[in-house]
Amino acid sequence: MSTSDSPGLAGRSGTIQANPDVLRGVAASLHGVAEDIESLLPEIKDLHDTTAREAADHTVSGGPAPYFSPLLDALHTANGKVLKNIEQARDNVRRDAEALQGLADSFESNEQTHASKIANL
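Heads up, the sequence shown is in my numbering, so the first residue is 54 and it goes up one at a time.
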């Protein structure tokens, strides 16, 4: 997308140009970013379980040592918040990609409609 204003006309509206192919390219890139974000989720989900297993090493009961309970509780809480935020970021990026795709489709549709009207004059 680019904008242009006439020289010396500060504060007045200019022309906005958008290339649907560029918008689609950015949308595709954003979908890739969303996939990258998605790939982080399993590791984050596994973090608490891995920590609990490590805290249980060499204990008689096979469960995490009581000494680690505050740490595991805090990690569980923090991990939940991190997961929520990462999922929200992923969802936001996906929505942005869909919005750009829709904008590109709308621009193309309007362009075709106007071209058709001009051709029928």
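Beta carbons: idealized from backbone N, C-alpha and C, even for Gly. Bear in mind that the values here come from a model prediction, so they are computed numbers and not experimental data.
Relative to residue 78, the option among 166, 122, 96 and 155 whose CA is nearest is 155. Counting only the Cα atoms, residue 101 lies some 12 Å from residue 109.
Residue 106 counts as exposed, since fewer than 16 other C-beta atoms from the protein chains shown sit within 10 angstroms of its C-beta. Within the DSSP secondary-structure output, residue 171 pairs in no beta bridge.
A straight-line Cα-Cα distance of about 15 Å links residue 125 and residue 135.
Here the C-alpha atom of residue 94 lies approximately 21 Å from the C-alpha atom of residue 81. For residue 68, the secondary structure class from DSSP, reduced to helix, strand or coil, is strand. C-alpha of residue 103 to C-alpha of residue 117: approximately 11 Å in a straight line.
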